[in-house]
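This report refers to the structure that appears directly beneath it.
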Amino acid sequence: MKKFFTTMLFFILGVLAFGEKFEKPVLLTSVGQSADVQMVSVLLKKAGVEATLDKNITGDKLGADKTVVIAIGGSSKGLGAAGIKVEDELARTEQLLKTAKDKGIKIVGLHVGGEQRRGELSDKFVNATIGECDYLIVVEDGNKDQLFTKVAEEKKIPLVLVPKISGAVEPLKEIF
């Protein structure tokens, strides 16, 4: 528990010390096609951040956006409804992240589905995404295995863990 609080303090102080700010316009997308993207859309609105939603955007369609916000979480139901295979969604994700990095577009990853949105399918999208993010906001119980903490520490990515979904509003307000 002490390590958890030390880690959180480190990341929060790091964010405050460097004044991490993300620019607008903002694009919101899904990685894994879960319904969590709708929750993230609501969180952004509550934080006063206007974002264009495109659940299937590809890197070649990135325009004038300065920040891409990604709702991370796989859903077999969402993938099926969209008619997308897991492999195709992973390829889209890889291409989107690479293009965003190449264009200097910042990436904010949110994992708001908690423990229920972890597992074999979701973890494919989590693992493909989180190491490429410039900032992460994660509901605590989705990090029980400390995966987000480990990757964030290794890659020096600011990570904010929130107790519940609504807790993501304040960090979003602070970074935009």
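Residues 1102 to 1277 in this note's numbering are what the sequence shown spells out, letter by letter.
Heads up, the beta-carbon is just placed ideally off N, CA and C, and yes, glycines get one too.
Predicted model only: the values in this text are computed from it and were never measured.
Note to self: How far does the beta strand (DSSP E) with A1269 in it extend, from its first residue to its last?
What the structure shows: The count along the sequence shown starts at 1 and reaches residue 1269 at position 168. Segment: none, A1269 is in no beta strand (DSSP E) and carries neither H nor E.
Item checked: Extent of the continuous alpha helix (DSSP H) to which K1146 belongs -> Position 45 of the sequence shown, counting from 1, holds the residue named residue 1146. Per DSSP, K1146 belongs to the alpha helix (DSSP H) from 1137-1147.
Next item on the list: Tell me, to the nearest whole angstrom, how far the beta carbon of E1190 is from that of Q1134; I am working on the premise that it is less than 8 angstroms.
Entry: To locate residue 1190, count along the sequence shown from 1; it is residue 89. To locate residue 1134, count along the sequence shown from 1; it is residue 33. For a cut-off of 8 angstroms, the C-beta gap from E1190 to Q1134 is around 6 angstroms, short enough to register as a contact.
Margin query: Is the separation between the beta-carbon of L1163 and that of T1200 shorter than 8 angstroms?
Written below: Mapped onto the sequence shown, residue 1163 falls at position 62. Mapped onto the sequence shown, residue 1200 falls at position 99. Yes. Within cutoff.
Note to self: Contact between the region 1156-1173 and the region 1244-1256 is defined here as three or more beta-carbon pairs at a separation below 8 angstroms; is this criterion met?
What the structure shows: no
Notebook entry, point to check: In whole angstroms, what is the alpha-carbon distance linking E1275 and H1212?
Noted result: Counting from 1 along the sequence shown, the entry for residue 1275 is found at position 174. Counting from 1 along the sequence shown, the entry for residue 1212 is found at position 111. Spanning the two alpha carbons is a distance of roughly 18 angstroms.
Item checked: Residue from I1206, F1277, V1227, I1208 whose Cα sits closest to the Cα of E1216 -> As a working note, residue 1216 is residue 115 in the sequence shown. Answer by Cα proximity: V1227.
Item checked: Through-space distance from K1225 to L1154, alpha-carbon basis -> Your numbering for residue 1154 matches position 53 in the sequence shown. Your numbering for residue 1225 matches position 124 in the sequence shown. Going from the Cα of L1154 to the Cα of K1225 covers about 22 angstroms.
Margin query: To the nearest angstrom, how far is the alpha carbon of A1118 from that of Q1247?
Written below: Indexing the sequence shown from 1 puts residue 1118 at position 17. Indexing the sequence shown from 1 puts residue 1247 at position 146. Annotation note: pLDDT 41 at A1118 (below 50); position unreliable, coordinate value reported separately. Going by C-alpha positions, A1118 is about 24 angstroms away from Q1247.
Next item on the list: Pick helix, strand or coil for V1150, following the three-state DSSP scheme.
Entry: The sequence position of residue 1150 within the sequence shown is 49, counting from 1. If DSSP states are grouped into helix, strand and coil, V1150 belongs with coil.
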